[in-house]
Each structure stands twice: as C-alpha cells, then as structure tokens.
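Trainee: Residue 141, in UniProt numbering, is where the sequence shown stops; the numbers in between run on with no holes. Glycine included, C-beta positions come from ideal geometry on N, C-alpha and C. I'd like to ask you about the structure that follows.
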Amino acid sequence: MNRRKFIDLFLGGSLIGTFIAFLYPTISYLLPTKQIEVVIKKITAARLGELAPNTSKIFKFGTSPGILINTSDGELRAFSAICTHLTCTVIYEEDTGTILCPCHNGRFDLGGNVVSGPPPAPLESYNVEISGEDIVVSKKG
Ligand code: FES
Numbered sequence: 001m002n003r004r005k006f007i008d009l010f011l012g013g014s015l016i017g018t019f020i021a022f023l024y025p026t027i028s029y030l031l032p033t034k035q036i037e038v039v040i041k042k043i044t045a046a047r048l049g050e051l052a053p054n055t056s057k058i059f060k061f062g063t064s065p066g067i068l069i070n071t072s073d074g075e076l077r078a079f080s081a082i083c084t085h086l087t088c089t090v091i092y093e094e095d096t097g098t099i100l101c102p103c104h105n106g107r108f109d110l111g112g113n114v115v116s117g118p119p120p121a122p123l124e125s126y127n128v129e130i131s132g133e134d135i136v137v138s139k140k141g
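The following block contains the structure:
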C-alpha cells in the first residue's frame with residue numbers, strides 16, 4: 001500500500017465515521033423510545049376527616065389528576081379530573097355543588113354526568129372506599 005492509498009482510506013474512513021456520529025443521534029432522537037407505563041388502579045386519595053363536607057381535593061392518580069368530592073351530604077365521590085372535552089382539569093364548585101371545567105364552562109353533576117357546555121361524555125367515575133384511616137380510590141372494572 002502506497003502513501004496516497006493509505007491517506008485516501010484514512011480520510012474516507014474518517015468521513016464515514018463522522019457521518020455515523022451525526023446520523024446515530026439524529027435517528028435516536030426521531031424514533032420514539034419504549035416507555036414502560038405503570039398502570040395504577042388503586043390509590044389513597046386522602047385521609048379520613050381531611051375533607052370537610054362540600055369540599056374537594058385534586059389528587060394524583062398515576063399520571064392523571066383525579067378529584068375527590070365530599071358532598072354537602074357527606075358522601076364521598078371520585079372522578080377523573082380530566083374534562084372529556086379538551087382535557088382541562090375540572091374543579092368542584094362549592095356554590096353550585098357541581099363540577100366545573102373552567103376552560104369552556106363545561107359543567108358536570110355529582111354523578112359525573114354532563115349538565116351543560118361542550119363536554120361530549122361524562123367524567124370517568126371511580127370507586128371510593130374507606131380503609132382504616134385512608135380514603136382509597138380505585139378504577140372501576
Ligand atoms: S375542556 Fe372542559 S369544557 Fe372544554
């Protein structure tokens with residue numbers, strides 16, 4: 001192998017190496033990564049006595065917000081806090097005793113059913129049970 005052929009091979013190899021060094025991170029960035037999703041079916045949303053009647057609490061149910069409501073009758077109800085219209089987080093409106101989505105004024109009753117506004121479907125409702133001192137919320141089904 002003469003000097004010229006050696007330099008050609010060396011430069012060609014360097015060029016290919018540089019190309020791969022730029023190409024690999026670009027392709028890695030563009031391709032979606034595999035994510036492990038943990039599905040949470042049951043969670044302690046609050047402690048007993050934490051919620052006064054006619055109040056609510058937003059809690060974290062896995063990666064989504066949930067809403068726990070202690071009605072004025074002292075009944076505990078829990079729903080997904082994600083509005084079924086465009087996924088805003090809903091709040092409990094104590095004055096009216098309804099669940100309000102402040103984004104587009106969507107309104108739900110305490111059964112999670114749509115009362116008014118643009119939401120196309122009711123809120124996902126959760127089971128609520130008391131376990132010792134904990135208020136445990138779980139997905140139905
Ligand atoms: S996002 Fe809730 S009413 Fe539009």
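Across which residues does DSSP place I82 in a beta bridge pair?
Mentor: T89
Trainee: Quick one: what's got a C-beta closer than 6 angstroms to T44's C-beta in the same chain, skipping five residues either side?
Mentor: Sequence-distant partners of T44 (beyond 5 residues in either direction) whose C-beta falls short of 6 angstroms from its own C-beta, in its chain, are D134, V136.
Trainee: Please report the distance separating the alpha-carbon of D95 from that of V38.
Mentor: 37 angstroms
Trainee: Suppose only complete runs of 3+ residues qualify. What are the beta strand (DSSP E) ranges in the UniProt domain "Rieske" (43-137), listed by chain order?
Mentor: The UniProt domain "Rieske" (43-137) contains these whole beta strand (DSSP E) runs: 55-61, 64-70, 76-80, 91-93, 98-101, 106-108, 114-116, 125-131.
Trainee: State the beta-bridge partners of K140 as determined by DSSP.
Mentor: Paired residues: none, contrary to the question.
Trainee: Could you check if I20 is buried or exposed, using at least 16 other CB atoms within 10 Å of its CB as the buried criterion?
Mentor: exposed
Trainee: Assign K79 to one of two classes, buried (16 or more other C-beta atoms within 10 Å of its C-beta) or exposed (fewer than that).
Mentor: The question names Lys, yet the displayed sequence has Phe at residue 79. F79 comes out buried.
Trainee: Alpha helix (DSSP H) containing T26: first to last residue?
Mentor: Looking at the DSSP string, the run of the alpha helix (DSSP H) that includes T26 is 3-30.
Trainee: Rounded to whole angstroms, how far is the Cβ of L68 from the Cβ of I99, which I believe are closer than 8 angstroms?
Mentor: Contact flag wrong, Cβ pair sits at about 12 angstroms.
Trainee: Pick out every residue whose C-beta is nearer than 6 angstroms to a heavy atom of the ligand FES: which are they, in chain order?
Mentor: C83, H85, L86, C88, C101, C103, H104, G106, G117, P118, P119
Trainee: Would A52 and P65 be called neighbours here (beta carbons separated by less than 8 angstroms)?
Mentor: no
Trainee: Nearest-angstrom Cα distance between S125 and K34?
Mentor: 30 angstroms
Trainee: Taking the CB atoms as reference points, tell me whether G106 and P119 lie closer together than 8 angstroms.
Mentor: yes
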